[in-house]
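**Q** Quick one: structure below, then a few questions.
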Amino acid sequence: MSTITGGVAESEVAPAKRPLARSSLWRLAARKLLKNKLALAGLFVVVFMFALCFIGPLFSPYTDNKIHMALMNKAPNLKHWLGTDALGRDVLTRVMQAGRISLTVGLASMVLSVFLGSLLGAIAGYYRGIADQVIMRIADLLMTIPSLPLLFILGALLSEWKVPTDYRMYIVMLMLSFVSWPGLARMVRGEVLSLREREFMQAATVLGLRDRRKLFKHLLPNLVPLLIVIASLNVGGAILSESVLSFFGLGVMPPTPTWGNMIDSANNLIDFQQRPWLWIPPGFSIFATVIAINIFGDGLRDVLDPKPKK
Amino acid sequence: MAEALLEVNRLKKYFPIKAGLLNRTVGQVKAVDDVSIAIRPGETFGLVGESGSGKSTAGRTAIRLTEKTGGEVKFKGVDLHTLGAEELRKLRPKMQLIFQDPYSSLNPRVRIGDAIGEALLDHGLAPKDEVRDRVLDVLASCGLSAYHIDRFPHEFSGGQRQRIGIARALVLNPELIIADEPVSALDVSIQAQIINLFRKLQETRGLTYLFISHDLSVVEHLCSHIGVMYLGSLVETGSRDALFREPLHPYTKALLSAVPIPIPKLKRERIVLSGDIPNPANPPSGCKFHTRCPFAVARCKEEVPAFRNVGGDRFVACHLV
Amino acid sequence: MATADLLEIEGLSTYFDTEEGTVRAVDGVSLRVRPGETVCIVGESGCGKSITAMSIMGLVGTNGTAGRIAGGRIRYEDRDLLRLNKHELRTIRGHEIAMIFQEPMSSLNPVLPIGEQIMEPLIEHLKLSKKAARARAIELIAQVGIARPEQIAKAYPHELSGGMLQRIMIAIAISCGPKLLIADEPTTALDVTIQAQILDMLRQFKAESDMSILLITHDLGVVAEMADYVVVMYAGKVVEEGEVVELFERPKHPYTQGLLKSKPIMGQRQDELYSIPGQVPNPLELKPSCYFYERCEHAMDVCRRAEPTLKGVGEQGSVACWLYEEEAIVHG
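Residue numbers (full-length UniProt numbering), protein chains in the order written: chain A, 1 to 310; chain B, 1 to 321; chain C, 1 to 332.
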C-alpha cells in the first residue's frame with residue numbers, strides 16, 4: 001500500500017465551510033463580522049453617529065449659531081426635540097454640529113498618531129540599533145511628561161496667542177497626536193520585535209525573499225490586528241481628550257460647538273439640576289461613540305484573524 | 001571521493017551573556033565550538049545531540065541564518081560567510097531549512113499556495129502564470145491535494161503542515177536541505193509518513209540532507225553518516241553502520257543505550273549516566289563530558305581531547321580511544 | 001487475578017462543549033490498576049489519555065478548565081472518586097494518589113523555594129511539624145538522586161534543570177507514600193539520558209514500595225520498558241488492552257499493529273517504514289462506527305456502520321475490532 005497518503009482524509013474542515021472559490025481575506029472577514037453581533041452593534045452605532053453628525057444638520061431647519069433670545073432654555077418639545085440652550089439655539093443641531101468637530105478631531109488625530117507611532121515604532125523595531133535608540137529615547141522623554149497638564153499648557157498658550165478659532169481645531173488635532181504617538185510607537189516596536197523573531201520570518205529569510213516582501217507581506221499584515229485595537233482606543237481617547245480640553249475652555253472655543261464645550265457651558269448648578277437636556281445629549285454622544293468604537297475595534301481584530309477562536 | 005556539497009570547518013558560534021544595567025557582556029555561551037563536518041552530495045548526515053548540544057545552532061549557522069563567530073562554511077565551494085547580502089539571498093534557494101514546528105514557521109495570514117509560490121516569484125524561478133502549476137506539482141509530490149492551495153495554515157493537521165514546510169523548500173529545487181527536528185513534534189503514525197517522504201524525495205531528486213535530531217532511532221533509519229554533539233562540540237562522527245555497531249565515545253555509547261526500544265523484556269547493557277547536562281554557559285574543563293563519564297580519568301578533567309581520525313571516516317574526541 | 005483492584009474505571013466519559021459541538025475526549029473508557037502494577041495508557045495526541053488521567057484526579061471542570069464528566073465510575077479502593085466531596089477528594093489527592101506532569105516547571109510555584117513545596121503535602125496530609133517536614137523534605141531530595149539536598153531545598157525552580165525539576169516532582173509525589181502514582185508523559189520533555197535516569201528511578205521506587213503506576217505516554221519504547229499491562233487508546237476509546245509482552249508480540253487491533261510497525265526501532269533498520277495512512281478523525285465528526293476504519297487496511301462494511309465493543313480475545317487482553325467479532329456478525 002502507498003505510504004504517502006496523508007492528507008487524504010479531509011477532516012479538519014467541514015465541506016460546507018470550504019470556500020468554493022478563493023475568497024479574499026477581506027471577504028472572509030466580512031463573513032465573520034456578520035456573525036459577531038457585538039461588533040456589528042458597535043459598527044452600527046459608529047455609522048449612525050457619523051450619519052447623524054455629517055448628514056443630520058442638512059435636514060435641520062436651524063443653524064447652530066443663530067441666537068434667539070425668545071427661545072432661551074426651552075425644554076425638549078416638538079419643534080426643538082432636544083430643547084434649546086441659554087441663547088435659544090437648537091440643542092440637537094448643535095450636538096450634530098459638535099459631533100462633526102469631535103469626530104473629525106478624533107479620527108484625524110488617530111490617523112496622524114497611528115501613522116507616526118507605527119512608522120517610528122516599526123522602524124525602531126525592525127532596524128534596531130541606533131534608530132531604535134534615538135526614537136525610543138525621544139518617546140520615553142515625551143512619555144515622562146504627563147499628557148493632560150501638557151495639553152493644558154499648550155491649550156493655555158493657544159488662548160494666550162489668540163489663535164483664531166478656525167485653526168484651533170487643527171492645532172488641537174496635532175497636539176493630541178503629539179502626546180499619543182510615543183505610547184503607540186512603544187507597543188508597535190514591541191510587536192515588531194517579537195514578530196521579527198517569529199519562525200515564519202526566519203523561514204522568509206531562508207527562502208531568500210526580498211526585504212520588501214518580508215516587510216509588506218509578512219511583517220505588516222501581522223501588525224494589523226494590533227494597529228486596529230490601538231487605533232480604536234486612540235479615536236476614543238482623542239475624542240475624550242478633546243472634550244476634556246474643550247470642557248476646560250482650552251480646546252475649540254465657543255461659539256463653535258464641540259461635545260466637550262457644550263458640556264462645559266452647562267457647567268453650573270442650575271443647568272445641571274434643571275436643564276439636563278443641555279448636557280445629557282453631548283455627554284451621551286461621547287459615551288456612545290467611544291464605547292461603540294472600542295467594541296467595534298475589538299471585534300475587527302478577532303474578525304481579521306484567519307484562525308477561528310476556540 | 002566526491003567533493004563535499006557542504007563543508008563546515010571549525011565553525012564557532014558564541015552567544016554573549018549580557019547582564020546588569022548597562023547590558024555589559026559578562027561571558028559567552030559557546031553554542032557551537034569548533035565543529036567540522038563535510039557532507040557529500042546525496043548523503044544524509046545526521047547531527048545528534050541532547051538539548052544544549054548546539055546541534056540546531058550549528059545547522060543554522062552553517063547556512064548563515066545566524067552569523068558565525070569563527071571558522072568557515074563552504075557550500076559548493078563558496079564561502080557563505082563572506083558573501084554580500086544580495087549574493088547570499090540569491091543562493092538561498094539552493095539550501096533550504098525545514099523547521100521543527102511547521103506551524104510557527106508558516107505565516108498564519110498567508111495562504112499555502114502563496115507561501116509555497118512566493119519565493120519562486122522573488123527569485124524569478126518561474127513566470128507568474130506558471131507559479132500555480134509548479135505549486136500544484138510540488139503539493140502532489142508531498143502528498144497534499146490541489147484544493148489545499150487556498151487554505152490557511154491553521155486548517156491543517158501537524159503532519160500536513162510539515163508536508164507544506166517540505167513542499168515550500170522543495171519547490172525551489174534545493175540541493176541541500178537542513179531538517180531541524182522535522183518529525184519530533186509529530187505522532188508516531190504521522191512521523192513514519194514524513195520519514196518515508198524524506199526518503200522518497202531523496203531517491204527521486206538526489207537531495208542531500210543535514211538531518212538534526214535527538215531521536216537516534218529516526219537518525220539510524222534515515223542517515224548515512226552521523227555526528228554526535230555534546231555541549232557545542234562534536235564528540236564522534238562516522239558512517240551509520242560503523243557508529244551504531246561500535247560506538248567509540250562513552251557518550252555515544254550511553255546515548256545509544258538510553259534509547260527506549262519497543263521490545264518488552266529486552267535484555268541489553270545499559271549505561272545510565274549520572275547527573276545532568278551541565279550548563280552550556282559554564283561547561284566543565286578538559287573533556288566537557290568528564291563530569292558524567294563513567295570511565296573518566298584524571299587527564300579528562302585537565303586536557304581537552306583532540307577530535308582525531310581513528311581510521312576510515314571515523315573521528316572521535318576521547319582520551320581513552 | 002485474585003487481588004482486588006486498586007483503581008477501577010468503568011465507562012468513564014469526559015466531554016468538552018465547544019462552539020462547534022461536543023468533543024467526546026474520553027468516551028466510555030474502562031480500565032483497572034491492580035496493586036503494585038504498572039499500567040500504561042498509550043496513544044497519540046488527542047486520543048484522550050491525558051484527559052483520562054485528569055478525570056481520575058478530579059482536575060476536569062475545576063479551576064476554570066472546560067470539560068465535564070458525562071458518565072462512568074472511578075472506583076478507588078472502596079470509594080467512588082466522582083462522588084466524593086472536595087474535602088474528601090483533597091485527602092486522597094496528593095496523599096494516596098499522586099500525579100506528575102509533563103512540564104515540571106509549570107507545576108511548581110516559581111516564587112517558593114523547592115524545599116517548602118515538598119514540605120506542603122507532608123504538613124497537610126501527614127500532619128508533620130514544620131521541622132520534621134523540613135528534615136523529611138531534604139531526605140526526599142537526596143532519595144531522588146540529587147546531590148547537595150540542603151542547598152537544593154533552598155533553591156527556586158528556575159535555578160534547576162528540567163531533569164532535576166522532574167525529580168523534585170517525583171519527590172513531592174512519593175512524599176506521602178501514595179498507593180497510586182499517575183505519571184502523565186513524565187519524560188517527554190526530557191533528554192534521553194535524563195529520561196533513562198527518571199524511568200530507572202520510578203522502577204526502583206515501585207519495587208521498594210509496592211506502589212502502582214498509571215503511566216501515560218505516546219512512546220512505545222517507554223511502554224515496553226515500564227509496563228506490566230498496556231491500554232491502547234484511539235479517538236477517546238480503548239481499542240485494545242493486554243499484558244505487555246503479549247500485546248507487543250501479538251498485537252490484535254490494526255491500529256496497535258500499525259503503531260508498532262511504524263516506529264523505527266534502533267538496530268532493526270528497514271528501507272521503508274510502515275505508516276498508517278491518513279490522520280486521526282475530527283472528534284466533532286465521529287459517527288457510530290469504528291473510528292479507525294478510514295485508516296484501516298482491513299476495513300469491512302460493518303466497520304463503518306457500527307461501533308465494535310471491547311471484547312476479551314485469547315487468554316488475556318481485549319480488543320475492540322470487528323475482525324475479532326465474526327461470530328457476533330453471524331449471529332446478529
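Just so it is clear, CB atoms sit at the ideal spot from N, CA and C, and this is done for glycine as well.
Helix, strand or coil: how does DSSP classify Val304 of chain B here?
**A** Looking at Val304 of chain B - three-state DSSP - the assignment turns out to be coil, as it is neither helix nor strand.
**Q** Does the Cβ-Cβ distance between Val172 of chain A and Val252 of chain A come in under 8 angstroms?
**A** In this structure, Val252 of chain A lies closer than 8 angstroms to Val172 of chain A by Cβ.
**Q** Measuring CA to CA, which of B:Pro93, B:Gly77, B:Ala31 is closest to Thr66 of chain B?
**A** Thr66 of chain B has its Cα closest to that of B:Ala31, out of B:Pro93, B:Gly77, B:Ala31.
**Q** Thinking C-beta only, is Val135 of chain B closer than 8 angstroms to Val110 of chain B?
**A** Their beta carbons are not under 8 angstroms apart, which means Val110 of chain B does not touch Val135 of chain B by this criterion.
**Q** Taking Cβ positions only, does Arg275 of chain A come closer than 8 angstroms to chain B?
**A** Arg275 of chain A does not count as touching chain B.
**Q** Any beta-carbon of chain B closer than 8 angstroms to the one on Ser50 of chain C?
**A** With 8 angstroms as the cut-off, Ser50 of chain C does not count as an interface residue toward chain B.
**Q** Among residues of its own chain, excluding the 5 on either side of Glu19 of chain C, which ones have a beta-carbon nearer than 8 angstroms to its beta-carbon?
**A** The answer is none, since no qualifying residue turns up.
**Q** How big is the Cα-Cα spacing for Leu320 of chain B and Glu246 of chain B?
**A** Answer to the nearest angstrom: the Cα atoms are 15 angstroms apart.
**Q** List the residues of chain A whose Cβ lies closer than 9 angstroms to the Cβ of Pro93 of chain B, in chain order.
**A** The answer, in chain order, is Leu207, Gly208.
**Q** Anything in chain B within Cβ reach of Ala203 of chain A, meaning under 7 angstroms, just list it in chain order.
**A** Ordered by position in chain B, the residues that pass the 7 angstroms Cβ test against Ala203 of chain A are Phe99, Ser105.
**Q** With respect to the beta strand (DSSP E) encompassing residue 358 of chain C, which residues constitute its N-terminal and C-terminal limits?
**A** No information on residue 358 of chain C is available, as it lies outside the stretch 1 to 332 that chain C covers here.
**Q** Just to confirm my understanding: we take Gln257 of chain C, look at its own chain, exclude 5 residues before and 5 after, and list those with CB closer than 8 angstroms. What are they?
**A** Only Pro251 meet the Cβ criterion.
**Q** Quick one: grab the DSSP three-state call for Asp187 of chain B.
**A** Coil, per DSSP.
**Q** So does the segment 7-24 of chain C actually touch the segment 48-61 of chain C, counting three or more Cβ pairs closer than 8 angstroms?
**A** These segments touch.
**Q** Please give me, in chain order, every unbroken run of the beta strand (DSSP E) with length at least 3 that falls completely inside the segment 255-309 of chain C.
**A** Counting only runs of 3 or more, we get nothing.
**Q** Mapping DSSP to helix, strand and coil, what is Ala21 of chain A?
**A** Reliability fails at Ala21 of chain A, whose pLDDT of 43 lies under 50, so the model's placement of it is uncertain and the value that follows must be treated cautiously. If DSSP states are grouped into helix, strand and coil, Ala21 of chain A belongs with coil.
**Q** Taking only the alpha-carbon atoms, compute the straight-line gap between Leu199 of chain C and Pro260 of chain B and give it to the nearest angstrom.
**A** Near 10 angstroms, if we compare the C-alpha coordinates of Pro260 of chain B and Leu199 of chain C.
**Q** So, using beta-carbon positions, are Val290 of chain A and Ile228 of chain A closer together than 8 angstroms?
**A** No, Cβ-Cβ distance for Val290 of chain A and Ile228 of chain A is not below 8 angstroms.
**Q** Report the neighbours of Ser189 of chain B on chain C: residues whose CB is nearer than 7 angstroms to its CB, in chain order.
**A** Result: Glu44, Gly258, Leu259, Ser262, Ser275, Ile276.
**Q** For the alpha helix (DSSP H) containing Gln162 of chain B, list its first residue and its last residue.
**A** 158-170 is the extent of the alpha helix (DSSP H) around Gln162 of chain B.
**Q** Which residues bound the alpha helix (DSSP H) around Phe44 of chain A?
**A** Counting along the chain, the alpha helix (DSSP H) containing Phe44 of chain A begins and ends at 37-54.
**Q** Quick check on Arg198 of chain A - is its C-beta less than 8 angstroms from some C-beta in chain B?
**A** Closer than 8 angstroms: yes.
**Q** Closest to Val95 of chain A by C-alpha separation, out of A:Tyr62, A:Leu300, A:Asp166, A:Phe178, would be which residue?
**A** The option with the nearest alpha carbon to Val95 of chain A is A:Tyr62.
**Q** Strictly below 8 angstroms CB to CB, what residues from chain B border Glu272 of chain C?
**A** Within chain B, the residues near Glu272 of chain C are Asn196, Arg199.
**Q** Look up Glu10 of chain C in the DSSP assignment and give the residues it is bridged to.
**A** Bridge partners of Glu10 of chain C: C:Arg73.
**Q** Pull the bridge partners of Thr38 of chain C from the DSSP assignment, please.
**A** Per DSSP, C:Ile213.
**Q** Could you tell me the alpha carbon to alpha carbon distance between Phe152 of chain B and Pro108 of chain B, rounded to whole angstroms?
**A** Distance between the alpha carbons of Phe152 of chain B and Pro108 of chain B is about 7 angstroms.
**Q** Taking a Cβ distance cut-off of 8 angstroms, strictly less, list which residues of the segment 199-230 of chain C are near chain E, in chain order.
**A** Chain labels in this structure do not include chain E; the protein chains are A, B and C.
**Q** Using the C-alpha atoms, what's the distance from Arg305 of chain C back to Leu165 of chain C?
**A** If you take the alpha carbons of Leu165 of chain C and Arg305 of chain C, they lie about 48 angstroms apart.
**Q** Would you mind telling me which residues of chain A sit closer than 7 angstroms to Ala167 of chain B, beta carbon to beta carbon, in chain order?
**A** Going along chain A, no residue has its Cβ under 7 angstroms from Ala167 of chain B, so there is no contact; the nearest lies around 11 angstroms.
**Q** Check the Cβ-Cβ distances between Gly163 of chain C and every residue of chain B, and say whether any is below 8 angstroms.
**A** True, the Cβ-Cβ gap to chain B drops below 8 angstroms.
**Q** Kindly indicate which three-state DSSP category Lys18 of chain B falls into: helix, strand or coil?
**A** It is a strand residue.
**Q** Run through the DSSP bridge pairs and tell me what Asp33 of chain B is partnered with.
**A** DSSP, once it has assigned bridges, lists B:Lys12 as partnering Asp33 of chain B.
**Q** CB-CB under 6 angstroms to Val144 of chain C, same chain, minus the five flanking residues each way: which ones, in chain order?
**A** For Val144 of chain C, where only same-chain residues beyond five positions count, the Cβ hits under 6 angstroms are Arg167, Ile170, Ala171.
**Q** Using a beta-carbon distance below 8 angstroms, is Phe234 of chain B in contact with chain C?
**A** It should be pointed out that residue 234 of chain B corresponds to Leu in this sequence rather than to Phe. With 8 angstroms as the cut-off, Leu234 of chain B does not count as an interface residue toward chain C.
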